[in-house]
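Undergrad: Note that the protein sequences, when read in sequence, are chains A and B. Numbering-wise (full-length UniProt numbering), the first sequence opens with residue 1 and increments by one. Numbering-wise (full-length UniProt numbering), the second sequence opens with residue 1 and increments by one. Even for Gly, the Cβ is constructed at its ideal location relative to N, Cα and C. Note that this is a predicted model, so its numbers are computed, not measured.
Number of protein chains: 2
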Amino acid sequence: MSTTVTFPEEYKGDVRLIVAASGILSARELEITGETYDATSLAAEIAKGTYSAVETVTAFCKRAAICQQLCNALTEICFAEAIEKAKKLDDHFNTTGRTVGPLHGLPMTFKECFHVKGYDASNGYISRCFEPSTTTTPVIQVVEKAGAVVIAKTNVPQTMLVAECENNVFGRTKNPVVSHLSCGGSSGGEGALSAFRGNALGIGTDVGGSIRLPAAFNGVYGYKPSIGILPFIGYAASGWTGVNTGIPAVLGPLAHSIRDMKLLTETVRATQPWLFDPAVIPGAMEQQPPAAKEKPIVGILTQSGVTPHPPVLRAIASAKSKLEAAGFETRDFTPHAPSFSAIREISAQLFTVDGASYPRRELAKAGEPVVSSVVKFGFWDMPRKTHEEMWAWNTRKGEMQKRMLDAWQVLGIDVLVCPAAPHAAISPEETTKELYTVVWNAVDYPAIIMPFTKVDPAIDLKNDAFEPKDELDKKIQALYDPELMAGAPVSLQLVAPRLQDAALLRYAEDLDKVLNGGD
Amino acid sequence: MSTTVTFPEEYKGDVRLIVAASGILSARELEITGETYDATSLAAEIAKGTYSAVETVTAFCKRAAICQQLCNALTEICFAEAIEKAKKLDDHFNTTGRTVGPLHGLPMTFKECFHVKGYDASNGYISRCFEPSTTTTPVIQVVEKAGAVVIAKTNVPQTMLVAECENNVFGRTKNPVVSHLSCGGSSGGEGALSAFRGNALGIGTDVGGSIRLPAAFNGVYGYKPSIGILPFIGYAASGWTGVNTGIPAVLGPLAHSIRDMKLLTETVRATQPWLFDPAVIPGAMEQQPPAAKEKPIVGILTQSGVTPHPPVLRAIASAKSKLEAAGFETRDFTPHAPSFSAIREISAQLFTVDGASYPRRELAKAGEPVVSSVVKFGFWDMPRKTHEEMWAWNTRKGEMQKRMLDAWQVLGIDVLVCPAAPHAAISPEETTKELYTVVWNAVDYPAIIMPFTKVDPAIDLKNDAFEPKDELDKKIQALYDPELMAGAPVSLQLVAPRLQDAALLRYAEDLDKVLNGGD
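#1: At what residues does the alpha helix (DSSP H) containing residue 344 of chain B begin and finish?
#2: Which one of B/510, B/108, B/389, B/153 has the shortest CA to CA distance from residue 143 of chain B?
#3: Applying the criterion that 16 or more other CB atoms from any shown protein chain within 10 Å of the CB defines a buried residue, is residue 130 of chain A buried or exposed?
#4: Could you please give the first and the last residue of the uninterrupted alpha helix (DSSP H) stretch that includes residue 358 of chain A?
#5: Shorter than 8 angstroms from the beta carbon of residue 362 of chain B to some beta carbon of chain A?
#6: Between the C-alpha atoms of residue 152 of chain A and residue 313 of chain A, what's the straight-line distance to the nearest angstrom?
#7: So residue 111 of chain A and residue 154 of chain A are in contact, right, with Cβ under 8 angstroms, and what is the actual spacing, rounded?
#8: Can you pull the chain A residues whose beta carbon is under 8 angstroms from the beta carbon of residue 240 of chain B, in chain order?
#9: Starting from residue 450 of chain B, follow its DSSP beta bridges and name the residues at the other end.
#10: Against chain A, does residue 133 of chain B count as a neighbour if the rule is that its beta carbon must be under 8 angstroms from one of theirs?
#11: Taking DSSP's pairing of strands, which residues face residue 204 of chain A in a bridge?
#12: For residue 295 of chain B, count the other beta carbons within 10 Å of its own beta carbon; 16 or more makes it buried, fewer makes it exposed. Which is it?
#13: When the cut-off is 8 angstroms and only beta carbons count, does residue 498 of chain A lie next to chain B?
#14: Give the straight-line distance between the Cα atoms of residue 419 of chain B and residue 354 of chain B, rounded to the nearest whole angstrom.
#15: At the level of alpha carbons, what is the spacing between residue 233 of chain B and residue 482 of chain B?
#16: Just to check my reading of the structure: residue 184 of chain B and residue 156 of chain B have Cβ atoms closer than 8 angstroms, yes? What is that Cβ distance to the nearest angstrom?
#17: Cβ of residue 454 of chain A within 8 angstroms of Cβ of residue 489 of chain A?
#18: Does the distance from the CB of residue 171 of chain A to the CB of residue 73 of chain A come in under 8 angstroms?
#19: Check whether the Cβ of residue 412 of chain A lies closer than 8 angstroms to any Cβ atom in chain B.
#20: Using DSSP with H/G/I as helix, E/B as strand and the rest coil, what is residue 71 of chain B?
#21: How many Å lie between residue 491 of chain A and residue 331 of chain A at the Cα?
#22: Around the C-beta of residue 441 of chain A, are 16 or more other C-beta atoms found within 10 angstroms, so that it is buried, or is it exposed?
#23: Taking the straight line between their C-alpha atoms, what separation do you get for residue 286 of chain A and residue 231 of chain A?
#24: What residues of chain B sit near residue 145 of chain A, judged by a beta carbon separation below 7 angstroms?
#25: So, with DSSP's three-state summary, where would you put residue 396 of chain A?
#26: Exposed or buried, which one is residue 517 of chain A when buried takes at least 16 other CB atoms within 10 Å?
#27: Taking a contact to mean a Cβ-Cβ separation below 8 angstroms, would you say residue 444 of chain B touches residue 360 of chain B in this structure?
#28: Distance check for residue 235 of chain A and residue 501 of chain B, CA to CA, integer angstroms please.
#29: If we ignore side chains and look at the alpha-carbon of each, how far apart do residue 217 of chain B and residue 423 of chain B end up?
#30: For residue 151 of chain B, which three-state DSSP category applies?
#31: Can you give me the C-alpha to C-alpha distance between residue 208 of chain B and residue 201 of chain B, rounded to a whole angstrom?
#32: Any beta carbon from chain A within less than 8 angstroms of residue 402 of chain B's own beta carbon?
#33: So residue 409 of chain B contacts chain A; which residues on that side make the cut at Cβ distance below 9 angstroms?
#34: I think residue 533 of chain A touches residue 385 of chain A, with their Cβ atoms under 8 angstroms apart; what is that distance to the nearest whole Å?
#35: Does the separation of the CB atoms of residue 430 of chain B and residue 259 of chain B fall below 8 angstroms?
#36: Considering residue 299 of chain B, what are the terminal residues of the beta strand (DSSP E) in which it resides?
Quick look at the structure:
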């Protein structure tokens with residue numbers, strides 16, 4: 001039996017189909033890593049003794065290895081160490097009859113920007129290679145204590161500030177669902193690996209959509225918490241700290257179900273992370289008024305600024321109908337929402353206050369070139385701002401936060417359904433920065449990506465009567481190509497007000513049942 | 001009867017004694033404004049019908065007017081309008097038998113930097129005079145709705161970034177307790193007026209000690225909440241917004257008791273201010289683990305970096321003994337605390353990232369000179385920083401936040417007693433920036449000032465054997481002059497971890513009973 005999978009260059013489809021065909025995983029390993037389980041139910045089986053930690057970790061390592069060959073999603077690989085750790089978990093379980101914690105035996109991956117002692121955290125910069133981390137990021141220590149096993153770290157774009165996934169150290173990651181399309185970014189490796197089911201649970205980071213776009217483009221769940229929910233201390237930065245630019249990054253899960261994201265979040269919060277990370281807010285999820293409503297009022301935002309492509313418009317309309325049919329009251333948020341275009345511009349200016357001085361410095365150290373996907377995204381050449389200009393942009397951001405808060409109050413909605421981007425997964429280097437994600441970083445509202453449908457060329461026809469509002473609208477609409485994008489996941493973004501994370505996770509479970517028929 | 005009080009230039013003592021002697025207030029007005037009541041008990045009397053809102057407001061307006069003549073504490077004066085509003089409150093009360101809210105009839109004042117529609121918010125800048133505000137700051141709207149009556153705004157220093165209280169528009173405010181000493185700042189007008197009992201309750205702001213130093217220097221209570229507790233939106237800025245410098249300002253009460261600060265805070269929080277101010281944290285006080293302990297473990301910090309003057313050292317030692325005698329466990333925090341000197345330096349650098357470009361611009365508009373107290377304080381000539389330098393300082397701040405959190409965990413303390421400053425009220429322009437307040441802004445811990453004792457030349461002798469640690473320590477110790485400072489209030493600062501505001505207010509009430517014999 002060969003252990004190498006050759007990826008046919010002409011292959012245009014769902015590369016995940018190769019897993020079963022390859023013969024590398026046993027039937028039992030296919031079962032462990034397959035659709036039967038999410039992390040929650042898999043952990044329950046491990047806790048019952050159905051599967052050992054070693055066989056679970058081994059199965060996912062094999063699948064992750066195949067993903068690596070087909071999609072190039074991994075950076076640092078810890079398979080051997082992971083299996084050793086799994087043995088210890090099994091020893092504990094066999095001796096005591098108990099798990100070490102709620103994540104016992106679950107194989108996890110982390111975005112490249114986290115530290116795992118003994119492995120690089122280069123973030124794809126040549127200058128940082130072969131400098132192993134001397135510490136492990138606290139959130140990883142927390143999940144390890146709860147029984148999770150780190151099997152690998154995953155790929156990121158150069159600069160970590162674009163929604164692609166390419167750098168000079170690790171190359172480009174591919175989308176496993178439609179392999180010629182972008183996997184998104186910056187947590188692109190996580191998104192691809194999760195869709196490939198190469199992990200049970202993964203962690204990415206998000207300052208403008210970096211968890212949510214890979215989740216959306218690869219068709220998995222993703223959750224960007226409010227600032228202060230999950231502990232972010234001790235990661236490997238790839239830019240100046242967000243507190244200064246006014247839009248801090250957060251970490252959060254990419255997963256196979258809403259309840260898996262809840263499991264991860266509640267497991268971490270149960271350790272009282274405010275006792276080791278000064279930025280974490282005590283009590284923010286545990287006790288929070290107002291409590292989640294039995295039946296939330298659902299806002300629907302179809303577009304703001306940039307017109308979404310036909311499959312995205314269909315997804316929003318279909319979600320609205322299904323929710324109404326299930327007895328949810330919906331209210332149209334589009335006319336009330338503050339201008340997303342304005343918030344995108346403010347955010348872009350704030351992300352580039354330094355004129356990209358940090359990544360330029362990192363690249364200069366090794367004399368490496370900037371990659372084309374970073375230049376094309378549009379942040380790279382934005383000018384450096386003075387303090388006074390930065391403060392003016394931050395003042396505008398504050399005004400937008402107020403307008404957003406007021407709009408939610410006026411409309412009286414509890415949760416919002418909106419696009420993640422104006423398009424589904426698109427050709428690499430074509431991902432626009434005119435996204436529907438960055439707005440929620442700018443106002444610090446928690447947001448969840450929920451897979452919902454796929455691009456279907458038979459029904460998602462090009463709109464030949466499209467009347468663009470401006471050049472940008474025209475340009476982005478012109479990117480729609482139903483044949484090219486056929487089969488690409490189309491996801492919904494669910495949003496709740498700042499720090500209403502507990503309510504959002506509850507609402508998302510309810511909406512998922514209605515929209516995806518889960519139970 | 002004369003209505004003008006002449007302030008004798010040679011007078012060196014407690015100018016509040018002049019109030020009763022002046023004959024301007026009736027016996028009943030002296031009772032209303034006197035030591036008999038704090039805001040909580042006064043509101044209870046008004047609610048019982050003992051005093052009308054009009055006579056309460058009139059009494060405080062008279063007293064505030066005397067304070068203005070003796071101490072120059074006020075900026076904008078709204079007495080006539082206040083009495084009109086009080087009439088409406090009385091009408092409501094007489095008609096319905098009910099108060100409009102928990103602050104019914106309480107005369108309040110606000111620091112100059114808040115907007116009251118129809119009155120200037122110049123912050124002492126000549127260029128901003130005669131431009132009345134067109135809106136009222138939301139927190140004022142909230143307290144007015146709860147029945148409070150705004151009678152005046154109060155003085156601030158030019159730039160609002162020094163612990164003095166002098167500007168070219170309104171002049172300098174004096175300390176009513178020992179009138180030749182500084183009233184502190186930047187909420188200096190509030191501190192002086194509160195000590196004079198010219199209001200029932202006041203609101204200041206604090207980015208480095210601006211509520212706490214005036215409270216300490218004038219011998220009243222003051223509370224700097226954590227960021228996100230009280231709504232700060234819609235005030236009149238006097239510098240670039242704090243989010244960019246990494247140390248945002250907050251507002252909070254100066255008051256005559258801990259329970260008054262609790263009354264104000266709970267009244268505002270009850271309106272769910274997160275529904276109108278995006279920066280307010282929902283649930284942060286209402287439901288917060290861990291709940292306050294029955295008997296907190298009390299940390300004692302005597303000094304860090306700068307050695308406090310003898311009366312301050314006596315106050316800390318005496319508080320420790322009294323708390324131990326009352327059965328509280330105390331633990332010495334000084335050897336565990338991260339260096340306050342380092343945090344002071346980081347904060348000073350962050351406050352001046354713009355090289356004071358904002359106040360320089362404001363002064364230039366009217367061609368007015370910077371006042372000497374601003375120059376002497378030491379921030380004025382600090383150099384402008386690059387983005388990269390600012391980020392480096394913010395990174396150091398983050399490290400200090402982590403060290404502070406760890407130190408509290410290691411020592412296992414719930415609340416900390418420490419100095420407010422190395423000295424009590426001092427000669428104007430001598431207040432040092434080597435304070436014990438700014439550290440709690442840098443790490444965002446809530447802090448309360450509690451009056452405790454007074455400088456007593458008979459026991460607080462100069463320490464002739466003092467061995468300075470460095471030039472700064474020598475310089476500051478040399479400022480101690482027992483005869484000059486005789487009678488100056490010496491206060492304690494009580495601190496709890498970030499967002500443990502509810503617990504801090506509870507602990508402060510308990511400690512106040514032990515230390516000040518309150519009930």
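TA: Result, derived from the coordinates:
#1: Note, residue 344 of chain B: alpha helix (DSSP H), 340-351.
#2: B/108
#3: exposed
#4: 357-366
#5: no
#6: If you take the alpha carbons of residue 152 of chain A and residue 313 of chain A, they lie about 36 angstroms apart.
#7: Right, the Cβ-Cβ distance comes to about 6 angstroms (below 8 angstroms), so this counts as a contact.
#8: 387, 388, 391
#9: B/492
#10: no
#11: DSSP lists A/252 as partners of residue 204 of chain A.
#12: exposed
#13: With 8 angstroms as the cut-off, residue 498 of chain A counts as an interface residue toward chain B.
#14: For residue 419 of chain B and residue 354 of chain B, the distance between alpha carbons rounds to 30 angstroms.
#15: 42 angstroms
#16: Contact flag wrong, Cβ pair sits at about 11 angstroms.
#17: yes
#18: No, Cβ-Cβ distance for residue 171 of chain A and residue 73 of chain A is not below 8 angstroms.
#19: Contact with chain B is absent for residue 412 of chain A, since none of that chain's Cβ atoms lies less than 8 angstroms from the residue's Cβ.
#20: Helix, per DSSP.
#21: 20 angstroms
#22: buried
#23: 15 angstroms
#24: Result: empty, since nearest Cβ-Cβ is about 17 angstroms, beyond 7 angstroms.
#25: helix
#26: Burial call: exposed.
#27: no
#28: If you draw a straight line from the Cα of residue 501 of chain B to the Cα of residue 235 of chain A, it is about 29 angstroms long.
#29: Using only the alpha carbons, I get a separation of about 9 angstroms.
#30: The three-state secondary structure of residue 151 of chain B, taken from DSSP, is strand.
#31: 21 angstroms
#32: Answer yes: the Cβ-Cβ gap between residue 402 of chain B and chain A drops below 8 angstroms somewhere.
#33: 275, 276
#34: Given that chain A is displayed from residue 1 to residue 519, the structure contains no residue 533 of chain A and the question cannot be resolved.
#35: no
#36: 298-300
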